[in-house]
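Q: Encoded as structure tokens, here's the structure I'll be asking about.
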Amino acid sequence: MNARLHAISFAALLMLSAAAQAGTLVVSVLDKEGKPVQDAVVVATPANKNARPKNPLPPQATISQEKMQFIPAVTVLPVGAKLQFVNNDPWDHHVRSSPAGMGQFNAANAGFELRLEGKTEGKPAKSGEVTLDKAGALGATLLGCFIHGSMRGYIYASESPWAGKTSDQGIATFEDLPEGTAQVKVWQADQLIDIAPQQVTVGTVQAKNVMQLTVVPRRRRS
Ligand SMILES: [Cu+2]
616 MNARLHAISF AALLMLSAAA QAGTLVVSVL DKEGKPVQDA VVVATPANKN ARPKNPLPPQ
676 ATISQEKMQF IPAVTVLPVG AKLQFVNNDP WDHHVRSSPA GMGQFNAANA GFELRLEGKT
736 EGKPAKSGEV TLDKAGALGA TLLGCFIHGS MRGYIYASES PWAGKTSDQG IATFEDLPEG
796 TAQVKVWQAD QLIDIAPQQV TVGTVQAKNV MQLTVVPRRR RS
């Protein structure tokens, strides 16, 4: 191969790798007062539907019932994922689900329920499993307990594999989104009326996008 041909094929290679290049998207979620919001769910849906992230969402997760709380408070999973509930309290919990947001007030929206006996010392905790494959699983689901009205938790089933929770700094970062346009939406438990999704452009220059809620979320009691 002569030098000129070599240069041409090298240029072609460069173009190919540029076409497959990924960019980083940083989303900052703020509340109505401009303070960072932790545990908001950010979902990015690239226009390029064939791309897949290097680190996909886990196909299963465990939610513990501990000291009258769901831990973690918010769990993000792909649609179809398996969810395990483990009761680590010495008393019974009767876990139930309903749609989050305005849908929770519609009695026709029945979700799943799991009765979990309390843990006996020295014995393994009782657990139950649910698969997020039913109609209505997509998006946010509110978790509660028939016995303890104060218990609140959330699961978020995402169609896009680029989904995650914001950090205590209110930041969600996606490192390998395909270049081009993407739609970004934010879900937060106290934001009952969805805020408008944003159309963003992902490129080699790191983009930071701010999404501001119209509410100040309630603090979780600890
Ligand atoms: Cu309970």
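If you read the sequence shown in my numbering, its first letter stands for residue 616, the second for the next number, and so on. The beta-carbon is built from N, C-alpha and C at its ideal position, and this holds for glycine as well.
Going by the beta-carbon positions, is the gap between P835 and A688 smaller than 8 Å?
A: Position 220 of the sequence shown, counting from 1, holds the residue named residue 835. Position 73 of the sequence shown, counting from 1, holds the residue named residue 688. According to the sequence displayed, residue 835 carries Arg and not Pro. Against a cut-off of 8 Å, the Cβ pair of A688 and R835 comes out as a contact.
Q: For A811, count the other beta carbons within 10 Å of its own beta carbon; 16 or more makes it buried, fewer makes it exposed. Which is it?
A: For the purposes of this step, residue 811 is identified with residue 196 of the sequence shown, where counting begins at 1. The residue is exposed, with fewer than 16 neighbouring Cβ atoms inside 10 Å.
Q: Check this for me: beta carbons of T660 and Q821, under 8 Å apart or not?
A: In the sequence shown, residue 660 corresponds to position 45, counting from 1. In the sequence shown, residue 821 corresponds to position 206, counting from 1. No, the Cβ-Cβ distance between T660 and Q821 is not below 8 Å.
Q: What residues are listed by DSSP as bridge partners for F685?
A: Indexing the sequence shown from 1 puts residue 685 at position 70. Answer is Q680.
Q: Rounded to a whole number of angstroms, what is the C-alpha to C-alpha distance between T796 and A666?
A: Residue numbering aside, residue 796 sits at position 181 when the sequence shown is read from its first letter. Residue numbering aside, residue 666 sits at position 51 when the sequence shown is read from its first letter. Cα to Cα, the separation comes out at about 13 Å.
Q: If we ignore side chains and look at the alpha-carbon of each, how far apart do T735 and D707 end up?
A: Your numbering for residue 735 matches position 120 in the sequence shown. Your numbering for residue 707 matches position 92 in the sequence shown. Distance between the alpha carbons of T735 and D707: 11 Å.
Q: Please name the residue or residues paired with G768 in a DSSP beta bridge.
A: Taking the first residue of the sequence shown as 1, we reach residue 768 at position 153. According to DSSP, which records beta bridges pairwise, G768 is partnered with L758.
Q: Looking only at its chain, what residues have a beta carbon closer than 6 Å to the beta carbon of V817, apart from the 5 residues adjacent to it on each side?
A: Walking along the sequence shown from the start, residue 817 turns up at place 202. These residues qualify, in order along the chain: G638, L640, L792, E794 and A797.
Q: Determine the contact status of W802 and F789, defining contact as a CB-CB distance below 8 Å.
A: Locating residue 802 in the sequence shown gives position 187, counting from the first residue. Locating residue 789 in the sequence shown gives position 174, counting from the first residue. Not a contact, by the Cβ cut-off of 8 Å.
Q: Would the beta-carbon of I762 be found less than 7 Å away from any heavy atom of ligand 1?
A: For the purposes of this step, residue 762 is identified with residue 147 of the sequence shown, where counting begins at 1. Because some heavy atom of ligand 1 lies under 7 Å away, the Cβ of I762 counts as near it: yes.
Q: Given G726, which residues of its chain have a CB within under 7 Å of its CB, disregarding the five upstream and five downstream residues?
A: What you label residue 726 is simply residue 111 of the sequence shown in a count that begins at 1. Hits under 7 Å: R711, S712, S713 and T756.
Q: If we count the other Cβ atoms within 10 Å of its Cβ and call it buried at 16 or more, is A634 buried or exposed?
A: Taking the first residue of the sequence shown as position 1, residue 634 is located at position 19. With a pLDDT of only 47 at A634, under the threshold of 50, the placement of this residue in the model should not be trusted; the figure read from the coordinates follows. Burial call: exposed.
Q: Are E744 and Q699 touching if we call contact CB-CB under 8 Å?
A: Sequence index remark: in the sequence shown, residue 744 carries index 129 (1-based). Sequence index remark: in the sequence shown, residue 699 carries index 84 (1-based). Yes, they are a contact pair.
Q: Roughly how many angstroms separate the alpha carbons of D646 and P673, rounded to a whole number?
A: Looking up residue 646 in the sequence shown gives position 31. Looking up residue 673 in the sequence shown gives position 58. One C-alpha to the other measures close to 28 Å.
Q: State the Cα-Cα distance for the pair I808 and G716, rounded to the nearest angstrom.
A: Here residue 808 refers to the residue found at position 193 when the sequence shown is read from its first residue. Here residue 716 refers to the residue found at position 101 when the sequence shown is read from its first residue. About 8 Å.
Q: What does a CB cutoff of less than 7 Å around L629 pick up in its chain, not counting 5 residues either side in sequence?
A: Indexing the sequence shown from 1 puts residue 629 at position 14. Model confidence at L629 stands at a pLDDT of 48, short of 50, so the residue's coordinates are unreliable; what they give is reported in the following sentence. The answer is none, since no qualifying residue turns up.
Q: For T829, count the other beta carbons within 10 Å of its own beta carbon; 16 or more makes it buried, fewer makes it exposed. Which is it?
A: Within the sequence shown, the letter at position 214 stands for residue 829. Its Cβ having fewer than 16 others within 10 Å, T829 is exposed.
Q: V831 by DSSP, collapsed to three states: which one?
A: On the sequence shown, position 216 is the one that residue 831 refers to. DSSP places V831 in coil when its eight states are reduced to three.
Q: Short of 6 Å in beta carbon distance, which residues of its chain neighbour A662, apart from the five on each side in sequence? Order them along the chain.
A: In the sequence shown, the residue the question calls residue 662 occupies position 47. Around A662: G795 and T796.
Q: I'd like to confirm the pairing. Which residues does DSSP put opposite W802 in its beta bridges?
A: Numbered from 1 along the sequence shown, position 187 holds the residue referred to as residue 802. Bridge partners of W802: V656.
Q: According to the neighbour-count rule (16 or more other Cβ atoms, all chains shown, within 10 Å of its Cβ), is L747 buried or exposed?
A: Working through the sequence shown from its first residue, we reach residue 747 at position 132. Burial call: buried.
Q: Relative to the C-alpha of F761, which candidate in N703, M683 and A752 has its C-alpha closest?
A: In the sequence shown, the residue the question calls residue 761 occupies position 146. Checked all of N703, M683 and A752; the closest Cα to F761 is M683.
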